[in-house]
Amino acid sequence: MQQTTHDCDALLGQLSLCLDKLLPEADCAHVHAELAQCPTCQAFYRAMLQVDQTLRAAPQKAPAYDMSAAVLALIAQREKRQKRALGFTLLLSGAMSLVPTLVVILSIIIAFWTTTNPGILQTGVDVIISLVNVIRALVLTFGVLGNAISPWILPTLAALVSVLLLFLTIVWARKIVPAPSPARV
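If you read the sequence shown in our numbering, its first letter stands for residue 78, the second for the next number, and so on.
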């Protein structure tokens, strides 16, 4: 058996370019000269020629006329679904961003309320504890539901921080603002 001094893979790659008429004639002549030296490459070349001739002899069929319309319709449907999903996500994000804002507004109202009515502070603390427990239960529920609810976790945590700020505001307001003195009769 004769030992080859060339790279068969590189030669076969150039041979493929020759078959497709993408290599200059001089280079093709050099490839054919090297091909004559390697029986393995010659066998592969014969197989490549047979496949090439079979493919060239096969009739070329154009795709169906309505295929492009079907593909364009699928693309339009996908874009429509993406726009709907984006709209829903934006709506949900906007709604969830209102929660911390409402908590801050409620904290201001409750702070003012507790300064004008000092006995209400204990009730306010009870309400805050109830709110924290409800939010904690919601976070646990969202955690169980998995990835479908994961966009809500960050706004929920923001709401928890807002509730904490509400509580601190009430405590701060209670210490800073003096309780009104009882009216004298």
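Built from N, CA and C at the ideal position, the CB exists for glycine as well.
To the nearest angstrom, report how far apart residue i and residue j are at their CA atoms.
i: Gln80; j: Arg133; result: The predicted model places Gln80 with a pLDDT of 49, which falls under 50 and marks its position as unreliable, so this point remains unresolved.
i: Asp104; j: Gln137; result: 30 angstroms
i: Ile185; j: Pro177; result: 12 angstroms
i: Gly90; j: Ala147; result: 37 angstroms
i: Val181; j: Ile247; result: 12 angstroms
i: Met125; j: Asp97; result: 11 angstroms
i: Leu88; j: His109; result: 9 angstroms
i: Asp143; j: Leu151; result: 12 angstroms
i: Ser145; j: Val128; result: 30 angstroms
Is residue i near residue j, with beta carbons less than 8 angstroms apart?
i: Ile208; j: Val240; result: Reading off the sequence, residue 208 comes out as Leu, not Ile. Closer than 8 angstroms, so yes.
i: Leu243; j: Leu183; result: yes
i: Cys118; j: Cys95; result: no
i: Ile206; j: Ala236; result: no
i: Glu111; j: His83; result: yes
i: Leu92; j: Tyr122; result: yes
Where do the N-terminal and C-terminal ends of the alpha helix (DSSP H) with residue i fall, by residue?
i: Cys115; result: Note, Cys115: premise wrong, no alpha helix (DSSP H); not H, not E.
i: Asp67; result: The structure shown does not extend to residue 67, since the chain spans only 78 to 262, so no value can be given for it.
Given the structure, does residue i come close to the ligand ATP, in the sense that its CB is under 7 angstroms from one of the ligand's heavy atoms?
i: Leu179; result: For the ligand ATP, the structure offers nothing, since it holds no ligand at all.
Within 8 angstroms, do at least three Cβ pairs link the stretch 116-132 to the stretch 160-170? no
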